[in-house]
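Let me begin by presenting the structure, written as C-alpha cells, before commenting on it.
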C-alpha cells in the first residue's frame, strides 16, 4: 500500500493512525472467521421464561430501589429515514403515469408495498400535512388519474421541493397521529422513558447518538415539544447527544484488498456501524443504562405494557448484580468454603449461563477463585428476547469461544457461514430474536465504572460488499454494539412479549396497530 502525505493527513484528521489503517487492511486480507454455532439459545437453554409471580417480584424490587439509582436511556438515533422509503423511491424512478395505469404498474412490478401504501394512505400521520401542500401546488389535483395523484403525493413527501422527508433522520419523522398533535419517534421515547426511567426528583435522563448534521434539528424538536411532554408526564427531561466518533471509521478496500480511492484520489473511510457506539456508551456512567433503538416505539396506549417489561428486565439486572457483588465481596474478604464454592459454581452455570472448563474441579483453589472472579467481575446486560417471526437481524446462540467453551452470544446473520449445512441447520432452529432491548449494569461491585472497551471481541466484526461510483468495494463493520462489542459481558436473556417490539423499518410499518391511535374501521 502506497501512503501519501495527503493520506497521512486525512488519517490523522480522523484520530486514526497509519498502523491502525494497516491493521484494518490485514483484517480484509485474512478475512474474519465465521462464528462456530453450537446450538440456538431456547427457553430453558439460555433464555429465561419468567412466571407472572416472578415478574411481579422483580417489578417490586425495581420500584423499591430505583429512587436511589442513577438511570439513563441510551437511544441509537443516527439512522436516516431514507431506507424506510426504498419502495417509494423505486416507484418514483420507475413509474411513468403518462404511459400506464397505477394498477398495471403494481401488477407487473409486483409492487405490493405500493398497493399497501395507497390503501392505508389516509391513516399515515403525515397525510394531511402533505395533502395541504399538494392541493396548494395542484389546484386540479382531484381530477388527475389515480397514478398521477399518488406520484405527486410521494414526490411532495420525499423530495426537496416538498417536505423532503427522504433526508430526515428517522427520529424526527412523523410516526403517530393523535387528536391534538403528531408525534415523532424522538417524542415517543420521552413519553416511554417517563414510565420507568425517572428519579425521585421527577427527572428522566436520555442520551441520543445522532448525526452531527442533525443536532440543531433535534434540539429544536425538543424545544417544540418540551412543555407538552413535561406537562403530560409530570416529568422534566435531561437530554444529551453525542456523535459517532471519526476514529471509529474504517477504511474501505477494493476486491483485491487495496485501499479504495474516491474519484479525487483520496482514501475512502466509512462509518464502522453501530458497533462504533460502544465508544459513546463508554462515555456514560450510571447504575442502569437502558438501550433501545430509535424506531422501536408504540403509541401511548400501549406504553404501559412496554414500561412494565422494562421494569422487569431492570429488576432482573438488580437481582443478578446483588448476587454477583455479594460473591465478589466474599471472595475479596475471605476464601469461600467448599460448600460456598459449589453454590457459586451453580449460580454461574444456572443463572449466568457460564460454562465451566471441564477440568475446573482439578484446578487449585487459587485458580478456581481466579476463574470465578474473572467470570463475575464484568459488565452485566439483561436482554429481552422475542419469538422469532422472521425479522432480519441478530439472535441468541450458544457459540464456541477461542478456548473451546460454549458461551452465550447475540449473533448477526453475516457472522454465520450459511453454506455450512450444520451451521445453517442451527440457524434454522432459532426460536428467538434480539429486538435491541437491553438493560445494562456498567459499574463494578465497588461502584467504579467499567472500561467497556476492554470487553469487546475485536474479531466479531464482519466484512460487507458495497458499491460506490459503480465500483465494488469491501467495508469493515466493527463488532456490533449488542454483538461483539458486548461479547465479554455477563449476559442474561429473558423472553419478553412481541408487543414490546414494534420497529419501523419501512413506512408501511406505521400502519400496524402499535402505531395507530385508532385501528382501521
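In my numbering, the protein residues as written are 8 to 528.
Where a beta carbon is used, it is the ideal one built from N, C-alpha and C, also for glycine.
The model shown is predicted, which means the values in this text are computed figures rather than measured ones.
Please tell me whether residue i and residue j are closer than 8 Å, where the distance is taken between their beta carbons.
i	j	result
residue 518	residue 48	no
residue 229	residue 246	yes
residue 207	residue 74	yes
residue 176	residue 84	yes
residue 322	residue 507	no
residue 219	residue 180	no
residue 198	residue 255	no
residue 211	residue 242	yes
residue 192	residue 178	yes
residue 285	residue 23	no
residue 422	residue 469	yes
residue 305	residue 215	no
residue 276	residue 452	no
residue 72	residue 334	no
residue 96	residue 132	no
If you compare alpha carbons, which of the options is closest to residue i?
i	options	result
residue 345	384, 372, 331 and 433	372
residue 311	32, 278 and 195	195
residue 466	173, 485 and 405	485
residue 342	366, 319 and 379	379
residue 36	411, 258 and 455	258
residue 456	413, 386 and 266	386
residue 338	327, 383, 294 and 314	383
residue 28	479, 404 and 274	274
residue 102	153, 66 and 65	153
residue 51	439, 454, 461 and 525	439
residue 501	444, 12 and 516	444
residue 143	169, 477 and 471	169
residue 174	62, 96, 231 and 89	89
residue 313	66, 45 and 14	66
residue 362	340, 411 and 244	411
So residue i and residue j are in contact, right, with Cβ under 8 Å, and what is the actual spacing, rounded?
i	j	result
residue 490	residue 417	5 Å
residue 303	residue 442	7 Å
residue 296	residue 79	5 Å
residue 499	residue 356	Contact doesn't hold; Cβ gap of about 13 Å is too wide.
Which term fits residue i, buried or exposed, when burial requires 16 or more other beta carbons within 10 angstroms of its beta carbon?
i	result
residue 428	exposed
residue 394	exposed
residue 115	exposed
residue 226	exposed
residue 68	buried
residue 9	exposed
residue 60	exposed
residue 53	buried
residue 290	exposed
residue 377	exposed
residue 328	buried
residue 505	exposed
residue 279	buried
residue 203	buried
residue 156	buried
residue 20	exposed
residue 205	buried
residue 63	exposed
Could you tell me the alpha carbon to alpha carbon distance between residue i and residue j, rounded to whole angstroms?
i	j	result
residue 510	residue 32	35 Å
residue 77	residue 307	25 Å
residue 271	residue 16	15 Å
residue 25	residue 432	42 Å
residue 527	residue 134	Low confidence applies here, because residue 527 scores a pLDDT of 41, under 50, leaving its location unreliable; read the following figure in that light. Near 15 Å, if we compare the C-alpha coordinates of residue 134 and residue 527.
residue 317	residue 162	39 Å
residue 281	residue 488	6 Å
residue 56	residue 294	25 Å
residue 172	residue 479	29 Å
residue 70	residue 209	14 Å
residue 269	residue 350	59 Å
residue 482	residue 358	38 Å
residue 520	residue 127	12 Å
residue 320	residue 91	30 Å
residue 366	residue 495	22 Å
residue 110	residue 159	16 Å
residue 185	residue 124	20 Å
residue 136	residue 403	42 Å
residue 435	residue 224	43 Å
residue 6	residue 330	With the chain running from 8 to 528 in the structure shown, residue 6 is simply not present.
residue 149	residue 129	15 Å
residue 420	residue 39	14 Å
residue 6	residue 413	Residue 6 lies beyond the stretch modelled for the chain, which goes from 8 to 528, so this question has no answer here.
residue 454	residue 448	11 Å
residue 340	residue 201	40 Å
Against chain B, does residue i count as a neighbour if the rule is that its beta carbon must be under 8 Å from one of theirs?
i	result
residue 42	No chain B is part of this structure, which consists of one protein chain only.
Cβ of residue i within 7 Å of any heavy atom in the ligand NAD?
i	result
residue 62	The ligand NAD is not among the ligands present in this structure, which contains no ligands whatsoever.
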